[in-house]
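Asks: In terms of this note's numbering, the sequence shown opens at residue 48 and continues consecutively. Each residue gets a CB set at the ideal place from its N, CA and C atoms; glycine is no exception. Here it is, the structure, as structure tokens.
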Amino acid sequence: MAHSGFFQRQASARRNTSLLVLLFLTAVVLITLAVCLVGYLVTRSEASAQPFHYWLLSSHGLITATAVVALIGMGSLIRWVDLAGGGSRVAKMVGARPVDPDTRDSHERTLRNIVEEMAIASGVPVPELYIMDNETGINAFVAGYTPGSAVMVVTHGAITQLTRDELQGVVGHEFSHIFNGDMRLNVRLIALLSGILMIGQIGGFLLRSSFYSAGRTTARNRDGRAQAAMGILGVALFVIGYVGVFFGRLIQAAVSRQRETLADASSVQFTRNPDGIGGALFKIGLKGSYLDTTGHANDMNHMCFGEAARMKFSSLLASHPPIEQRINAIQPGLVARLKSRLRDTETGAVLRTAAGEGRPSAVSGFASGAVAKPVPETVIAQKLSTRVGTTSPEGEGFAIKLLQRLPSTFRGLLYTRAGAIQLCYALLISDLTKQQQAKCLKLLPDHSLFGAQTDLLGKLLPALESIGEAVRFPALELAMPALRKLDPDERAELRQNVRMLVNADNRVTLFELALTSFLSRHLGADAERAVPVRYRSYKAVMPALQRLLSLLARAGATNGQEAEGVYHEAIAGFANTGNRHQPILAKVTMRQLQEALKALNGLSPLLKPAVIDACGHCITYDGRIEPKEYELMRLVADQLDCPMPPMVV
């Protein structure tokens with residue numbers, strides 16, 4: 048079965064993690080040898096001038112090497128633990144502030160609208176938004192460990208200097224990093240680089256200490272000799288530190304350049320407007336993208352839309368391809384078209400600087416495949432996995448129209464903790480009568496935040512009832528930034544209250560199952576942790592596949608015989624020993640389904656498309672996709688960390 052680009056890029060991101068570890072270990076070995084060489088030269092007279100390779104195996108050499116490795120490891124471990132807080136921790140590290148959902152700033156509202164439209168159209172929870180107020184350069188980045196816990200940070204210069212189309216191109220670029228698994232790789236790279244740079248930081252500290260001490264005490268010769276030795280050692284370590292900086296930048300460039308080119312291409316596919324991202328890149332050439340007010344620009348360079356830090360040897364160490372090369376890769380001839388638009392307002396020298404002095408790249412452009420065409424529903428049913436991690440004109444149109452239909456009060460409530468909590472309750476009781484709703488709400492404990500708030504529910508329920516089932520998952524995605532602000536105890540209390548409402552009638556509907564699983568995945572204790580690959584074949588997860596496909600086949604069929612036939616067709620691609628060894632199950636409980644989805648999420652990315660397509664076969668065998676079937680499909684995709692865009696049914 049063919050694999051979609053999304054899953055291939057996920058697998059590539061995991062391979063890049065292995066490459067990152069290899070490059071890191073290589074840098075550690077070289078830095079350790081360099082420090083040991085300094086130690087050898089300092090202690091040479093005491094060691095009877097023995098050759099370096101003998102000294103390296105002596106107690107002096109082994110102690111020095113162990114100390115260096117320990118320092119590098121400690122530096123990386125400290126930053127790794129510090130960044131365990133996920134994307135919000137990275138945003139705070141660079142001094143970004145969260146965007147107020149009810150902001151009156153027109154630029155910030157435009158950014159939020161673009162992000163919400165793309166999130167709904169692509170099927171991921173809305174990322175938390177942050178602004179770097181003091182940065183005038185045009186830049187942005189995303190951070191986090193999973194798509195459901197992503198944050199997006201944008202500079203003030205980006206939202207004020209870019210047009211809506213250009214800002215949409217930048218947002219599409221960053222969404223590509225969310226889909227492709229780049230965020231996790233980028234955050235880990237920050238931690239590893241911190242360890243590599245540790246030696247240089249120690250050298251700088253020793254160098255400053257020696258000068259400070261020399262300024263205070265210069266009378267005693269012994270003290271002077273000690274200070275001189277400390278200064279020389281500091282200079283040596285500082286120089287070695289710059290070697291570490293060189294290796295760090297080289298690692299950034301090796302890991303980042305190809306990912307940035309892929310993200311540019313994906314942005315064009317998402318927005319179907321090469322002029323958007325092309326114009327944003329061109330303005331970076333005009334106005335710059337450097338982060339000048341944060342001390343972490345070097346650390347963040349590989350994560351950003353454009354170069355965040357100035358550096359020498361940029362052709363070798365830059366984390367991004369040259370601007371002109373990136374624009375021409377998007378669409379050949381786009382640079383010339385962008386220049387022609389600005390000839391009346393900018394000088395020729397400025398325009399040449401914007402695009403760079405290099406020759407146009409001979410890369411064949413992405414534009415030929417940029418404009419997506421409507422896909423027939425029969426094709427969607429056959430290759431549902433090809434929709435994962437993508438957007439379509441229908442999906443974007445659905446997102447725009449849905450957001451326009453939402454009452455402003457309803458939408459505003461989703462941005463608050465109280466409103467988001469009440470939304471979860473409203474989603475579970477919206478189909479009930481007034482009497483049944485009141486009875487269910489009495490089950491909730493009396494609490495200022497988690498109790499039933501009839502005034503808020505009175506504003507949420509009418510919109511849910513008037514718009515219909517299509518609003519349920521998008522509303523949840525819009526509410527996720529507010530729900531993520533709950534602390535662990537509050538998250539647990541919300542999930543407990545939701546389960547209480549689900550169990551009130553002693554039955555579980557497909558949507559109730561989807562809602563509880565969605566909240567468990569995104570608000571659970573391990574919500575922001577990346578799921579490691581545990582299985583590289585289907586053999587170990589056959590019981591999980593049996594449970595999942597049994598439920599989907601029965602949900603999509605009208606009778607037991609029909610369900611059994613659909614089930615055997617779906618599972619035939621996984622069971623090599625014959626379908627009789629994997630019979631359809633008569634019942635699958637909520638707990639069994641959640642355990643099955645957790646196991647399937649441990650599959651290698653390249654094995655997940657077949658699971659998505661088998662589920663798609665179950666819900667589309669009759670040529671129709673019912674809302675309840677789509678919600679169940681969204682549940683499966685969400686639990687497998689596969690963003691599923693909306694299906695217009």
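Can you look up I178 in the DSSP assignment and give me helix, strand or coil?
Replies: Locating residue 178 in the sequence shown gives position 131, where the first residue counts as 1. Three-state result, I178: strand.
Asks: Just to confirm, is the Cβ distance from L640 to S564 under 9 Å?
Replies: Looking up residue 640 in the sequence shown gives position 593. Looking up residue 564 in the sequence shown gives position 517. Contact: yes.
Asks: How is P148 classed by DSSP in three states: helix, strand or coil?
Replies: Within the sequence shown, the letter at position 101 stands for residue 148. Three-state DSSP puts P148 in coil, outside helix and strand.
Asks: How would you label P148, buried or exposed, when you count the other beta carbons within 10 angstroms and need 16 or more for buried?
Replies: Looking up residue 148 in the sequence shown gives position 101. With 16 or more Cβ atoms within 10 Å of its Cβ, P148 is classed as buried.
Asks: Here's the rule I'm using: 16 or more other beta-carbon atoms within 10 Å means buried, otherwise exposed. How should N348 be labelled?
Replies: Translated into the one-based positions of the sequence shown, residue 348 becomes position 301. The residue in question, N348, is buried, as its Cβ has 16 or more Cβ neighbours within 10 Å.
Asks: My parser needs the alpha helix (DSSP H) runs of 4 or more residues fully inside the segment 413-500; what are they?
Replies: Counting only runs of 4 or more, we get 424-429, 440-452, 455-460, 464-476, 481-488.
Asks: What does the Cβ neighbour count give for K420, buried or exposed, with the cut at 16 atoms within 10 Å?
Replies: Looking up residue 420 in the sequence shown gives position 373. Any reading at K420 must be qualified, since the residue scores a pLDDT of 35, below 50, and its modelled position is unreliable; no value is offered.
Asks: Along the chain, where does the beta strand (DSSP E) containing A705 start, and where does it finish?
Replies: Residue 705 is absent from the structure shown; the chain starts at 48 and stops at 696.
Asks: Around the Cβ of K655, are there at least 16 other Cβ atoms within 10 angstroms (buried) or fewer (exposed)?
Replies: Stepping through the sequence shown from its first residue, residue 655 is reached at position 608. Counting Cβ neighbours within 10 Å, K655 comes out buried, since at least 16 surround it.
Asks: Can you name, in chain order, every residue of its own chain whose Cβ lies under 6 Å from the Cβ of A499, other than the five neighbours on each side?
Replies: Looking up residue 499 in the sequence shown gives position 452. Answer for A499: L488, L491, listed in chain order.
Asks: Are the Cβ atoms of M350 and N233 separated by less than 9 Å?
Replies: Walking along the sequence shown from the start, residue 350 turns up at place 303. Walking along the sequence shown from the start, residue 233 turns up at place 186. For M350 and N233, yes; Cβs fall inside 9 Å.
Asks: Using a 10 Å radius around the Cβ and a threshold of 16 neighbouring Cβ atoms, would you call I110 buried or exposed?
Replies: To locate residue 110, count along the sequence shown from 1; it is residue 63. It counts as exposed.
Asks: In the DSSP assignment, find the unbroken alpha helix (DSSP H) run with V658 in it and report its ends.
Replies: The sequence position of residue 658 within the sequence shown is 611, counting from 1. Looking at the DSSP string, the run of the alpha helix (DSSP H) that includes V658 is 655-667.
Asks: Helix or strand or just coil, what does DSSP make of V578?
Replies: By 1-based counting over the sequence shown, the position of residue 578 is 531. Residue state, collapsed to three classes: coil.
Asks: Measuring only the C-alpha atoms, how far is H343 from A355?
Replies: Numbered from its first residue, the sequence shown carries residue 343 at position 296. Numbered from its first residue, the sequence shown carries residue 355 at position 308. One C-alpha to the other measures close to 9 Å.
Asks: Nearest to I167 by CA position, among V613, T341, L525, is which residue?
Replies: As a position in the sequence shown, residue 167 is number 120, starting the count at 1. Cα-wise, what sits closest to I167 is L525.
Asks: Are three or more beta carbon pairs between the segment 188-202 and the segment 220-229 nearer than 8 Å?
Replies: Taking 8 Å as the limit for Cβ pairs, the verdict is that the segment 220-229 does touch the segment 188-202.
Asks: Among P454, R434, G353, E642, which one has its Cα closest to the Cα of D660?
Replies: Counting from one through the sequence shown, the residue named residue 660 turns up at place 613. Ranking P454, R434, G353, E642 by Cα distance to D660 puts R434 first.
Asks: For the beta strand (DSSP E) containing V201, list its first residue and its last residue.
Replies: Translated into positions along the sequence shown, residue 201 becomes position 154. Run containing V201: 198-202, per the beta strand (DSSP E) assignment.
Asks: Is the Cβ-Cβ distance between Y585 and A600 less than 9 Å?
Replies: Looking up residue 585 in the sequence shown gives position 538. Looking up residue 600 in the sequence shown gives position 553. Cβ distance not < 9 Å, so Y585 and A600 don't count as in contact.
Asks: So the candidates are T480, R211, L239, G132; which of them puts its Cα closest to the Cα of Y192?
Replies: Stepping through the sequence shown from its first residue, residue 192 is reached at position 145. Y192 has its Cα closest to that of G132, out of T480, R211, L239, G132.
Asks: Might you give, ordered along the chain, the residues of its own chain that have their beta carbon closer than 6 Å to the beta carbon of Q484, omitting 5 neighbours on each side?
Replies: Within the sequence shown, numbered from 1, the residue matching residue 484 stands at position 437. Excluding residues within five positions, the ones whose Cβ falls inside 6 Å are I476.
Asks: Looking at the strands, I want to know which residues DSSP matches up with L650.
Replies: Your numbering for residue 650 matches position 603 in the sequence shown. Bridge partners of L650: Y582.
Asks: Rounded to whole angstroms, how far is the Cβ of L632 from the Cβ of Q593, which I believe are closer than 8 Å?
Replies: As a working note, residue 632 is residue 585 in the sequence shown. As a working note, residue 593 is residue 546 in the sequence shown. Right, the Cβ-Cβ distance comes to about 6 Å (below 8 Å), so this counts as a contact.
Asks: By DSSP, does A207 sit in helix, in strand, or in coil?
Replies: The count along the sequence shown starts at 1 and reaches residue 207 at position 160. Correcting the residue type first, residue 207 is Thr in the shown sequence and not Ala. Correct three-state label for T207: helix.
Asks: Could you tell me the distance, in whole angstroms, from the CA atom of P454 to the CA atom of S513?
Replies: In the sequence shown, residue 454 corresponds to position 407, counting from 1. In the sequence shown, residue 513 corresponds to position 466, counting from 1. Each residue's alpha carbon lies about 11 Å from the other.
Asks: For L697 and C665, which I take to be in contact (beta-carbon distance under 8 Å), what is that distance rounded to the nearest angstrom?
Replies: Residue numbering for the chain in the displayed model covers 48 to 696; residue 697 lies beyond these limits and cannot be assessed.
Asks: When the Cα atoms are used, what is the spatial distance from P535 to E575?
Replies: Start at 1 with the first residue of the sequence shown, and residue 535 comes out as number 488. Start at 1 with the first residue of the sequence shown, and residue 575 comes out as number 528. If I take the Cα positions, the gap works out to 12 Å.
Asks: Can you say whether Q451 is buried or exposed, counting buried as having 16 or more other CB atoms within 10 angstroms of its CB?
Replies: Your numbering for residue 451 matches position 404 in the sequence shown. So Q451 ends up on the exposed side.
Asks: CA-CA distance, T79 and V116?
Replies: For the purposes of this step, residue 79 is taken as the residue at position 32 of the sequence shown. For the purposes of this step, residue 116 is taken as the residue at position 69 of the sequence shown. The straight-line gap from Cα to Cα measures roughly 7 Å.
Asks: Does DSSP put I672 in a helix, a strand or coil?
Replies: Position 625 of the sequence shown, counted from the start, is the residue given in the question as residue 672. Of the three classes helix, strand and coil, the one that applies to I672 here is coil, per DSSP.
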